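Under the numbering used here, the residues of the sequence shown are numbered 112 to 559, in order. Structure first, then comments.
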Amino acid sequence: MRKPFSLPGTSNRHLRETVNLSIPVMIGQLGIVLTGVMDNMMVGWLSYEHLSAASLANSLFFIIVVISMGITNAVSPLVAEADAADNKLLCATYLRQGLWVGVGSSVITMALLEASVWVLPYLDQPPQDVLLAGSYLRWLYVSVPPMVLFLTYKQYTDGLSRTRVAMMVTIAGLLINGLVNWLLIFGNLGFPRMELDGAGIGTFVSRMAMLLLIGWYVHKGQKIGGPGLPLGSWKPDWPAMKKILSIGLPSGLQLFFEVGAFCGAVIMIGWMGAAPRSAHQIVLNMSSVTYMVVTGIAAGCTIRVGNARGRLDMLNARQAGFAGFWLGGIFMFFSALVFFFGRDFLPTLYNNHPDVLRITPHLMIMAGLFQIFDGLQAVGLGVLRGLQDVVKPMIIAFVCYWLVALPLGYVSGFVWELGVAGVWIGFVVSLGMAAAAFMYRFRKLTKA
Numbered sequence: 112m113r114k115p116f117s118l119p120g121t122s123n124r125h126l127r128e129t130v131n132l133s134i135p136v137m138i139g140q141l142g143i144v145l146t147g148v149m150d151n152m153m154v155g156w157l158s159y160e161h162l163s164a165a166s167l168a169n170s171l172f173f174i175i176v177v178i179s180m181g182i183t184n185a186v187s188p189l190v191a192e193a194d195a196a197d198n199k200l201l202c203a204t205y206l207r208q209g210l211w212v213g214v215g216s217s218v219i220t221m222a223l224l225e226a227s228v229w230v231l232p233y234l235d236q237p238p239q240d241v242l243l244a245g246s247y248l249r250w251l252y253v254s255v256p257p258m259v260l261f262l263t264y265k266q267y268t269d270g271l272s273r274t275r276v277a278m279m280v281t282i283a284g285l286l287i288n289g290l291v292n293w294l295l296i297f298g299n300l301g302f303p304r305m306e307l308d309g310a311g312i313g314t315f316v317s318r319m320a321m322l323l324l325i326g327w328y329v330h331k332g333q334k335i336g337g338p339g340l341p342l343g344s345w346k347p348d349w350p351a352m353k354k355i356l357s358i359g360l361p362s363g364l365q366l367f368f369e370v371g372a373f374c375g376a377v378i379m380i381g382w383m384g385a386a387p388r389s390a391h392q393i394v395l396n397m398s399s400v401t402y403m404v405v406t407g408i409a410a411g412c413t414i415r416v417g418n419a420r421g422r423l424d425m426l427n428a429r430q431a432g433f434a435g436f437w438l439g440g441i442f443m444f445f446s447a448l449v450f451f452f453g454r455d456f457l458p459t460l461y462n463n464h465p466d467v468l469r470i471t472p473h474l475m476i477m478a479g480l481f482q483i484f485d486g487l488q489a490v491g492l493g494v495l496r497g498l499q500d501v502v503k504p505m506i507i508a509f510v511c512y513w514l515v516a517l518p519l520g521y522v523s524g525f526v527w528e529l530g531v532a533g534v535w536i537g538f539v540v541s542l543g544m545a546a547a548a549f550m551y552r553f554r555k556l557t558k559a
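Here it is, written out as structure tokens:
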């Protein structure tokens with residue numbers, strides 16, 4: 112009898128289980144990024160100057176908030192490991208202490224974001240961008256606490272393999288964000304026309320709604336199948352918080368190095384003018400959609416590798432990880448084809464200014480080139496996080512993104528005069544390096 116076909120390094124069972132676990136996470140991740148896509152599309156309909164200002168504000172926002180977001184990533188592998196050992200009390204402890212850590216990191220993040228508003232005028236950016244971005248950024252940073260606390264609850268439910276919960280909540284948040292945007296950006300149904308500030312308010316309202324919904328599900332939703340929380344103390348538990356930070360802080364710094372490099376590119380491209388930065392923002396925004404899908408695969412792999420680690424089963428941890436690499440690589444290959452063949456049409460969904468559309472097709476080709484590398488490095492980080500290996504990946508991220516991507520992007524864009532596409536060359540090279548390094552490290556750590 113013929114043996115069924117399977118991809119090298121894994122099995123059909125691992126592929127199937129990873130897909131089943133990851134699809135709700137993908138949809139949830141897509142919902143999060145589609146909030147940004149929706150904001151950018153609606154703001155882009157106002158003018159490309161508004162889109163450029165949104166790009167500047169979002170870049171500063173994410174380069175600071177990403178550390179807090181990364182810290183929450185520690186909760187899911189810890190919960191998955193405890194769940195595999197059937198220790199429900201420890202799972203709940205990681206949630207409670209993760210929320211305390213989230214509150215502390217949110218306060219620090221908001222203070223840094225307020226400081227960034229004052230720094231804006233000194234970044235040599237177009238004056239109109241600075242004026243619009245400063246006000247919008249203040250609306251964004253008040254949404255930090257609900258966002259971070261929502262992500263902590265999300266990591267808890269994901270770690271319990273209840274990945275559909277955050278998916279449903281995120282879809283609800285997306286719909287709320289779209290409605291508030293429509294009312295306040297354009298002043299529909301008698302509401303004030305607030306333009307970019309309206310998008311910021313929509314983000315805040317939707318994130319608050321998402322936190323309330325997922326919090327209700329976890330604490331009060333046993334009647335509809337919610338996990339509930341075992342009895343336990345809400346007092347700060349310093350050893351548990353230290354454990355969360357020992358994994359979460361390096362994960363946050365790794366994300367900081369990656370996102371920081373992309374935000375640094377936004378600043379550099381801003382020196383070229385509003386139209387190039389608007390083109391960059393459009394293509395980067397579309398890239399974030401495919402990236403968030405593949406981070407859904409990565410999150411599924413984090414849970415499955417964490418479960419296997421909890422059972423001390425490194426063979427299945429290895430096969431679960433390779434299932435993720437195959438799924439991420441195949442998805443991003445087809446994404447690259449979409450970017451290539453849609454390079455002229457897709458940017459018109461955001462803006463129709465000829466100065467912007469003249470630049471976007473070249474960037475779409477560059478984005479298509481790094482899709483596969485981006486997918487593999489995202490999955491690589493996910494599977495290593497499932498092994499609770501976070502310090503060396505953080506160092507790899509620093510080298511690839513800050514010592515390769517930014518310097519090479521600057522030289523290509525300004526010294527070799529390749530413009531915006533030159534800046535993107537740095538990311539193609541650095542993402543390829545990161546993908547290779549993360550895959551090699553996973554193979555080494557799971558080798559029998």
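By construction, the Cβ of each residue, glycine as well, lies at the ideal position given by its N, Cα and C atoms. If you're wondering where the values come from, they're calculated on a predicted model, not measured in any experiment.
{"query": "In angstroms, rounded to a whole number, what distance separates the CA positions of P350 and I470?", "result": "52 Å"}
{"query": "Considering just the uninterrupted stretch of the alpha helix (DSSP H) at H391, what are its terminal residues?", "result": "385-421"}
{"query": "Quick one: what's got a C-beta closer than 7 Å to L243's C-beta in the same chain, skipping five residues either side?", "result": "H161, A164, L307"}
{"query": "Is it true that the region 353-372 meets the region 293-304, where meeting means three or more beta-carbon pairs spaced less than 8 Å apart?", "result": "no"}
{"query": "Cβ of A185 within 9 Å of Cβ of L322?", "result": "no"}
{"query": "Between the C-alpha atoms of L519 and T204, what's the straight-line distance to the nearest angstrom?", "result": "45 Å"}
{"query": "Around the Cβ of Y402, are there at least 16 other Cβ atoms within 10 angstroms (buried) or fewer (exposed)?", "result": "buried"}
{"query": "Leaving out the 5 sequence neighbours to the left and right, which residues in its chain are closer than 7 Å to W527 when beta-carbon positions are compared?", "result": "G533"}
{"query": "Determine whether the Cβ of G432 lies closer than 9 Å to any Cβ atom of chain C.", "result": "Looking for chain C here will not work: only one protein chain is present."}
{"query": "At what residues does the alpha helix (DSSP H) containing M321 begin and finish?", "result": "307-331"}
{"query": "Quick one: what does DSSP say M112 is sitting in, helix, strand or coil?", "result": "The predicted model places M112 with a pLDDT of 44, which falls under 50 and marks its position as unreliable; any figure quoted below should be read in that light. M112 falls in the coil class under three-state DSSP."}
{"query": "Go ahead and pull the three-state DSSP assignment for A196.", "result": "coil"}
{"query": "Relative to the C-alpha of G543, which residue among V404, Q488, L248 is closest?", "result": "Q488"}
{"query": "Give a yes or no on whether the C-beta atoms belonging to G479 and F553 are separated by under 9 Å.", "result": "no"}
{"query": "Excluding sequence positions up to five away, which residues of its chain have a Cβ less than 7 Å from the Cβ of Y159?", "result": "A385, A386, S389, N462, H464, V467"}
{"query": "Going by other Cβ atoms of all chains shown within 10 Å of its Cβ, with 16 needed for buried, is L295 buried or exposed?", "result": "buried"}
{"query": "Looking at V154: is its Cβ nearer than 9 Å to the Cβ of S216?", "result": "no"}
{"query": "Note the first and the last residue of the continuous alpha helix (DSSP H) segment covering R469.", "result": "Taken as a continuous stretch (DSSP letters only), R469 belongs to no alpha helix (DSSP H), as it is neither H nor E."}
{"query": "Using the C-alpha atoms, what's the distance from V136 back to L285?", "result": "15 Å"}
{"query": "Excluding the 5 residues flanking L261 on each side, which residues of the same chain have their C-beta closer than 7 Å to its C-beta?", "result": "For clarity, residue 261 is Phe in the given sequence; the question names Leu instead. R318, M321, L322, I325."}
{"query": "Between P472 and D455, which are expected to be in contact by the criterion C-beta below 8 Å, what is the C-beta distance as a whole number of angstroms?", "result": "6 Å"}
{"query": "In three-state terms, what does DSSP make of Q236?", "result": "coil"}
{"query": "Compute the Euclidean distance between the alpha carbons of I175 and W250, then round it to the nearest angstrom.", "result": "15 Å"}
{"query": "Can you check which of these residues, V214, A431, G497, is closest to R105 by C-alpha distance?", "result": "Outside the shown range of the chain, which is 112 to 559, sits residue 105, and nothing can be said about it."}
{"query": "Quick check on L498: does DSSP put it in helix, strand or coil?", "result": "coil"}
{"query": "Measure from the alpha carbon of H330 to the alpha carbon of each residue in L206, R496, G524, L231, then state which is nearest.", "result": "L206"}
{"query": "Whose C-alpha, out of V212, G270, G142, G245, is nearest the C-alpha of L201?", "result": "G270"}
{"query": "Short of 8 Å in beta carbon distance, which residues of its chain neighbour M112, apart from the five on each side in sequence? Order them along the chain.", "result": "With a pLDDT of only 44 at M112, under the threshold of 50, the placement of this residue in the model should not be trusted, and no figure is reported."}
{"query": "Do A191 and G537 come within 9 Å of each other at the CB atom, strictly closer than that value?", "result": "no"}
{"query": "Y551: buried (16+ other C-beta within 10 angstroms of its C-beta) or exposed?", "result": "exposed"}
{"query": "Starting from Y512, follow the alpha helix (DSSP H) in both directions and report where the run begins and ends.", "result": "Counting along the chain, Y512 falls outside any alpha helix (DSSP H), and DSSP gives it neither H nor E."}
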